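*Asks:* Protein chains in written order, with my numbering: chain A, 18 to 526; chain B, 4 to 601. For each residue, glycine too, the CB sits at the ideal point set by N, CA and C. These numbers come from a predicted model, not from an experiment. Input: one structure, supplied below.
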């Protein structure tokens with residue numbers, strides 16, 4: 018259809034030297050069709066056109082019916098005349114329709130065209146002029162009406178309505194021709210082989226549409242953020258810790274970290290305990306031939322470590338007065354799902370005691386809390402943890418390190434609040450200024466591990482160890498405005514979100 | 004962390020000036036507490052026609068029991084601001100000490116008791132409420148919901164010592180509990196309070212014991228039935244002036260901490276401020292006869308060099324002593340040890356265990372945010388990934404490049420999801436099972452990645468098909484040979500969900516990953532003929548496994564470094580499995596243990 022119209026337009030232009038007007042040349046074609054034909058031609062520079070907009074009057078469907086059949090009153094009059102000897106009032110709706118009978122009877126009386134004779138209607142005039150129909154006929158032809166009173170009257174009777182008409186002033190374009198050349202949509206191997214590309218006319222490309230969707234796999238958004246953090250750690254010389262160990266003992270998860278056995282974190286309300294298997298062994302080499310111990314290292318005395326931890330809780334040791342409560346070995350041998358990856362940091366620091374030397378460790382892995390699930394809490398989340406062990410470390414060094422670490426993820430203003438944590442002293446909560454939110458938000462926890470925890474392992478007194486941690490989910494949720502953690506982790510995550518989430522660039526806002 | 008609500012106007016009056024919310028927030032931040040909320044601009048509750056005055060809600064570190072009440076917060080902030088010195092707490096020496104005589108049977112249920120007396124106390128409404136609230140906070144926090152320690156406070160003028168601490172059969176203990184009118188025995192009392200909103204949760208602590216702990220005065224009036232409730236007879240009111248405090252416990256250390264907190268916080272309201280009348284505990288059977296409370300400061304040594312090293316400062320012993328004064332310590336340079344500051348740790352500071360705690364307080368007094376910042380870069384360390392994570396990343400990236408989407412389901416799942424729904428049987432030696440999950444969603448640690456993948460598909464039914472998803476992560480198995488009686492294993496799994504099964508597609512993905520890991524495909528027969536052909540080979544064999552549609556599953560066999568491993572399987576899931584997971588279209592899955600590739 019459109020192609021017919023393009024030919025018609027090109028033909029009409031060829032017959033006329035002056036620009037042509039679309040509503041004169043193609044009065045019966047809807048202006049939308051005309052426009053799409055013109056756009057096809059204009060994109061090839063074959064025509065140029067201007068759009069003219071004009072107010073017009075059009076008939077409503079009722080108006081169209083009157084043009085075809087006469088006004089309601091005229092139809093009533095005609096019906097009465099046709100009946101010859103008067104028309105029963107009750108027969109009228111059957112002849113002209115219910116609506117016309119009602120409106121037309123009233124108007125015909127008003128105009129004195131009919132009169133009532135008992136239950137009969139009789140003609141009062143020989144003939145009538147149907148002015149309404151005449152007016153509407155004129156409107157249909159000219160799309161206008163000069164008599165403003167009549168215009169208002171017809172509008173009120175909902176026989177006409179106002180509309181707009183688009184017309185196009187069309188002239189020849191620089192590449193005008195009588196026919197659209199045959200066009201190819203794409204360059205093909207064949208065209209290159211036979212050289213036909215030189216003469217081929219290519220169909221213009223639609224630059225307003227998207228390209229074809231590319232089939233793509235995707236990495237999970239949370240893992241993409243994790244990868245950024247791993248890169249930050251690698252850039253700063255950190256070794257990844259073996260956190261592929263979900264089940265821990267009370268010893269490594271709590272006691273080794275100087276968390277007393279009555280601490281609320283050890284409640285059934287907070288920690289998942291294991292029913293099967295039930296009881297762990299006291300600390301020993303696990304796994305056998307531990308890759309984190311070298312042959313050159315001095316052998317580790319696990320029994321001594323166990324006893325040190327026992328003593329430091331129950332009666333104090335290494336300059337600490339301890340918590341002074343009866344320490345229960347059974348509590349230490351209960352199995353738990355690790356509540357933090359700091360249990361692995363303890364394991365690594367204990368290995369470090371075999372050959373104390375500067376070390377930097379990190380991990381990003383799953384931890385478990387027996388929490389009620391809501392928008393910000395899941396029973397599982399990821400903990401990011403860093404550990405630096407060295408001689409002569411200072412608190413200012415921890416602060417300075419955090420400034421570099423967090424600036425790599427786009428957070429440039431930090432401040433530190435004294436806090437409490439059973440295994441670090443001092444403990445500092447890290448607050449970062451969030452430009453987007455315009456406020457300070459807590460972004461992590463940090464501190465220096467307690468001497469009585471380290472010396473129990475055999476770490477020398479003058480070695481100090483920083484530790485810090487944050488969750489992977491929280492910064493991700495802030496960064497990507499995700500309000501419900503279940504939209505980020507777990508089986509309820511929307512696959513479309515995974516597939517369309519942009520690449521992660523933490524340093525960019 | 005406990006949150007304490009204090010009257011804003013009263014606190015600022017104590018601190019001697021007004022603070023804006025921002026200024027007070029800043030003060031809290033520097034001191035190490037956290038202003039949670041200032042209710043000034045909020046709709047505050049109206050009680051008896053009077054609107055509650057503006058409150059400050061302050062979060063307290065869990066080990067600072069001396070900050071659990073208005074009196075403690077005001078005192079410690081005033082000391083921090085240099086407006087007040089630490090009070091000198093003194094024990095009076097009455098001619099006749101009040102005594103609590105301990106009977107041996109108490110060791111069967113709640114062995115320790117401690118006591119103290121505050122004389123001439125002037126309560127007003129705020130002080131009285133704070134006195135009650137501190138007991139409540141101590142019960143909730145340090146005392147672990149009254150299990151370890153519980154406090155009873157009495158109007159001393161209504162009872163008469165010496166007191167006895169006994170353990171008796173419930174039926175033999177009869178008294179009118181606090182704010183009640185009828186007398187009841189221990190058994191009746193348990194029934195009476197069973198549904199009580201506050202007290203119901205403490206009944207379990209003694210309920211099933213053949214004897215209940217009880218404190219009597221010399222005329223056999225019951226003072227309290229710890230840790231449940233006091234007697235009505237000796238109850239304190241706002242008009243009480245002489246207060247008898249008795250504390251019972253399972254934990255001796257916490258017992259004395261609670262005693263010291265109670266008396267140091269409220270002795271400022273006694274007729275002679277900061278004086279406390281001690282109580283003699285007579286407990287011969289367990290050598291616990293002593294006078295309580297012990298308010299003498301503990302002396303400790305802190306090394307100047309240690310503090311300076313940790314803080315990165317160069318303070319003198321005198322500087323350090325001055326900073327420590329702001330944190331409520333008395334400290335002075337040691338007379339004969341140049342590198343030592345002698346520190347008196349006041350009875351209010353139960354949190355100080357080691358000189359690192361003293362060092363932290365120097366840093367807080369100096370200001371964490373004023374410490375000289377440096378970068379710890381003296382030592383070179385070498386970055387390296389965990390080998391299994393590096394291997395996982397290779398497989399993850401290769402699979403994503405092949406057009407699959409990574410998902411991250413949960414590690415915990417229900418027993419059915421892990422076994423029954425996959426048509427698998429639990430032999431009892433495989434899965435790690437949880438003891439105390441809150442919901443059936445978390446019963447076992449998964450032994451397969453399939454439940455998570457299938458649940459992810461189930462939750463994403465609106466997604467277009469085919470769906471191609473994968474995960475590389477750990478499962479866990481029981482392993483009684485190890486210290487932790489279990490081990491993780493790194494698995495790789497993928498699932499295809501579409502109108503046709505995608506069996507060959509999943510098979511092809513496995514081939515692709517094998518190729519990327521430099522494993523060559525061989526047939527089973529070839530494997531038998533030439534076992535040492537090259538470093539790494541794999542072949543597949545038809546597998547009978549009820550997880551899969553019969554005849555449409557294979558086991559994957561890897562020969563690597565001369566060793567044979569069955570590393571996993573793939574196939575079309577059995578329609579019964581699909582039904583359990585509410586999946587309408589066929590699914591093919593692949594699951595491999597990738598650890599042999601290490």
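Assuming residue 68 (chain A) contacts residue 183 (chain A) under a Cβ cut-off of 8 Å, what Cβ separation, rounded to an integer in Å, is found between them?
*Replies:* Indexing the first chain from 1 puts residue 68 (chain A) at position 51. Indexing the first chain from 1 puts residue 183 (chain A) at position 166. Right, their Cβ atoms sit about 6 Å apart.
*Asks:* Quick one: which unbroken alpha helix (DSSP H) runs of 4-plus residues sit fully inside the stretch 72–97 of chain A? Chain order, please.
*Replies:* 78–86
*Asks:* What do you get for residue 259 (chain A), buried or exposed, if any count of 16 or more other CB atoms within 10 angstroms of its CB means buried?
*Replies:* Along the first chain, one-based indexing puts residue 259 (chain A) at 242. Residue 259 (chain A) should be labelled buried.
*Asks:* Straight-line CA distance for residue 173 (chain A) to residue 87 (chain A)?
*Replies:* Mapped onto the first chain, residue 173 (chain A) falls at position 156. Mapped onto the first chain, residue 87 (chain A) falls at position 70. In this structure, the CA atom of residue 173 (chain A) is about 18 Å from the CA atom of residue 87 (chain A).
*Asks:* Return the residues of the stretch 430–441 of chain A that lie within a Cβ-Cβ distance of less than 7 Å from chain B, sorted by chain order.
*Replies:* 432, 433, 434, 435, 436 and 437
*Asks:* Name the one or two DSSP bridge partners that residue 187 (chain A) has.
*Replies:* Position 170 of the first chain holds residue 187 (chain A). Beta-bridge pairing links residue 187 (chain A) to A:37 and A:66.
*Asks:* Between residue 306 (chain A) and chain B, is any beta-carbon pair separated by less than 8 Å?
*Replies:* Position 289 of the first chain holds residue 306 (chain A). No, residue 306 (chain A) lies away from the interface with chain B (no Cβ there is under 8 Å from its Cβ).
*Asks:* Give every residue of the same chain whose Cβ lies closer than 8 Å to the Cβ of residue 6 (chain B), excluding the five residues on either side of it in the sequence, and list them in chain order.
*Replies:* Working through the second chain from its first residue, we reach residue 6 (chain B) at position 3. 39, 60, 61, 62 and 63.
*Asks:* Taking beta-carbon pairs under 8 Å, can you tell me which members of the stretch 458–469 of chain B lie near chain A?
*Replies:* 458, 459, 461, 462, 463 and 466
*Asks:* Does DSSP put residue 154 (chain B) in a helix, in a strand, or in coil?
*Replies:* Position 151 of the second chain, counted from the start, is the residue given in the question as residue 154 (chain B). Three-state result, residue 154 (chain B): strand.
*Asks:* List the residues that DSSP assigns as beta-bridge partners of residue 477 (chain B).
*Replies:* Taking the second chain and counting its residues from 1, one reaches residue 477 (chain B) at position 474. Answer by DSSP bridge pairing, in chain order: B:493.
*Asks:* Is the beta carbon of residue 177 (chain B) less than 8 Å from the beta carbon of residue 194 (chain B)?
*Replies:* Mapped onto the second chain, residue 177 (chain B) falls at position 174. Mapped onto the second chain, residue 194 (chain B) falls at position 191. The answer is no: Cβ separation not under 8 Å.
*Asks:* Given 8 Å as the limit, is there contact between the stretch 71–89 of chain B and the stretch 216–228 of chain B, that is, 3 or more CB pairs closer than that?
*Replies:* no
*Asks:* Hey, residue 362 (chain A) and residue 421 (chain A): beta-carbon distance below 8 Å or not?
*Replies:* The sequence position of residue 362 (chain A) within the first chain is 345, counting from 1. The sequence position of residue 421 (chain A) within the first chain is 404, counting from 1. Result no, Cβ atoms of residue 362 (chain A) and residue 421 (chain A) do not sit closer than 8 Å.
*Asks:* Note the first and the last residue of the continuous alpha helix (DSSP H) segment covering residue 193 (chain B).
*Replies:* Numbered from its first residue, the second chain carries residue 193 (chain B) at position 190. From DSSP, the alpha helix (DSSP H) with residue 193 (chain B) extends over 189–196.
*Asks:* Counting pairs of Cβ atoms below 8 Å between the stretch 23–36 of chain B and the stretch 509–523 of chain A, do you hit three or more?
*Replies:* no
*Asks:* Using DSSP with H/G/I as helix, E/B as strand and the rest coil, what is residue 206 (chain B)?
*Replies:* The residue given as residue 206 (chain B) occupies position 203 in the second chain. It is helical.
*Asks:* For the alpha helix (DSSP H) containing residue 131 (chain B), name the first residue and the last one.
*Replies:* Counting from 1 along the second chain, the entry for residue 131 (chain B) is found at position 128. 128–143 is the extent of the alpha helix (DSSP H) around residue 131 (chain B).
*Asks:* Residue 598 (chain B) by DSSP, collapsed to three states: which one?
*Replies:* Indexing the second chain from 1 puts residue 598 (chain B) at position 595. Residue state, collapsed to three classes: helix.
*Asks:* If we ignore side chains and look at the alpha-carbon of each, how far apart do residue 267 (chain A) and residue 357 (chain A) end up?
*Replies:* As a first step, residue 267 (chain A) must be located in the first chain, where it is residue number 250. As a first step, residue 357 (chain A) must be located in the first chain, where it is residue number 340. So the alpha carbons of these two residues sit roughly 12 Å apart.
*Asks:* Which of the residues in the stretch 226–244 of chain A, read from start to end, lie with their CB under 7 Å from any CB of chain B?
*Replies:* 232, 233, 234, 235, 236, 237, 239 and 240
*Asks:* If you check the beta carbons only, do residue 12 (chain B) and residue 48 (chain B) fall under 8 Å apart?
*Replies:* One-based indexing of the second chain puts residue 12 (chain B) at position 9. One-based indexing of the second chain puts residue 48 (chain B) at position 45. No; because the gap between Cβ atoms is not below 8 Å, this pair is not in contact.
*Asks:* From residue 389 (chain B) to residue 389 (chain A), what does the alpha carbon distance come to, in whole angstroms?
*Replies:* Here residue 389 (chain B) refers to the residue found at position 386 of the second chain. Here residue 389 (chain A) refers to the residue found at position 372 of the first chain. Answer to the nearest angstrom: the Cα atoms are 32 Å apart.
*Asks:* Which runs of the beta strand (DSSP E) spanning at least 3 residues fall entirely within the stretch 250–328 of chain B, listed in chain order?
*Replies:* Listed in chain order, the complete beta strand (DSSP E) runs (minimum 3 residues) inside the stretch 250–328 of chain B are 278–285, 293–295 and 301–306.
*Asks:* Hey, would you say the C-beta of residue 356 (chain B) is under 7 Å away from at least one heavy atom of the ligand MN?
*Replies:* The ligand MN is not part of this structure, which contains no ligands at all.
*Asks:* Residue 383 (chain A) touches chain B at which residues, Cβ-Cβ below 7 Å?
*Replies:* The residue given as residue 383 (chain A) occupies position 366 in the first chain. 414, listed in chain order.
*Asks:* For residue 587 (chain B), decide whether its Cβ has a neighbour in chain A, counting only Cβ atoms nearer than 8 Å.
*Replies:* Here residue 587 (chain B) refers to the residue found at position 584 when the second chain is read from its first residue. Residue 587 (chain B) does not count as touching chain A.
*Asks:* If the cut is a Cβ gap below 7 Å, which residues of chain A does residue 359 (chain B) touch?
*Replies:* For this step, residue 359 (chain B) is matched to residue 356 along the second chain. Simply 442, 467 and 468.
*Asks:* Beta carbon of residue 482 (chain B), beta carbon of residue 261 (chain A): below 8 Å?
*Replies:* Residue 482 (chain B) sits at position 479 when you count from the first residue of the second chain. Residue 261 (chain A) sits at position 244 when you count from the first residue of the first chain. Against a cut-off of 8 Å, the Cβ pair of residue 261 (chain A) and residue 482 (chain B) comes out as no contact.
*Asks:* Classify residue 466 (chain A) as helix, strand or coil using the three-state DSSP reduction.
*Replies:* Counting from 1 along the first chain, the entry for residue 466 (chain A) is found at position 449. Residue 466 (chain A) carries a strand assignment under DSSP once its states are collapsed to helix, strand and coil.
*Asks:* Taking the alpha carbon of residue 465 (chain B) as the reference point, which residue from B:396, B:345, B:573 and B:587 has its own alpha carbon closest?
*Replies:* For the purposes of this step, residue 465 (chain B) is taken as the residue at position 462 of the second chain. Of the candidates B:396, B:345, B:573 and B:587, the one whose C-alpha sits nearest the C-alpha of residue 465 (chain B) is B:587.
*Asks:* Can you tell which of B:348, B:220, B:235 and B:287 has the C-alpha that lies nearest to the C-alpha of residue 92 (chain B)?
*Replies:* The residue given as residue 92 (chain B) occupies position 89 in the second chain. Of the candidates B:348, B:220, B:235 and B:287, the one whose C-alpha sits nearest the C-alpha of residue 92 (chain B) is B:348.
*Asks:* Three or more C-beta pairs under 8 Å: does that hold for the stretch 298–312 of chain B against the stretch 336–348 of chain B?
*Replies:* yes
*Asks:* If you reduce the DSSP assignment to three classes, tell me which class residue 72 (chain B) lands in.
*Replies:* In the second chain, the residue the question calls residue 72 (chain B) occupies position 69. Correct three-state label for residue 72 (chain B): coil.
*Asks:* Exposed or buried, residue 222 (chain A), counting other C-beta atoms within 10 Å across all chains shown (16 or more means buried)?
*Replies:* To locate residue 222 (chain A), count along the first chain from 1; it is residue 205. Exposed, because fewer than 16 other Cβ atoms sit within 10 Å of the Cβ of residue 222 (chain A).
*Asks:* Flag residue 367 (chain A) as yes if its beta-carbon sits less than 8 Å from any beta-carbon of chain B, otherwise no.
*Replies:* Within the first chain, the letter at position 350 stands for residue 367 (chain A). Cβ-Cβ to chain B under 8 Å: no for residue 367 (chain A).
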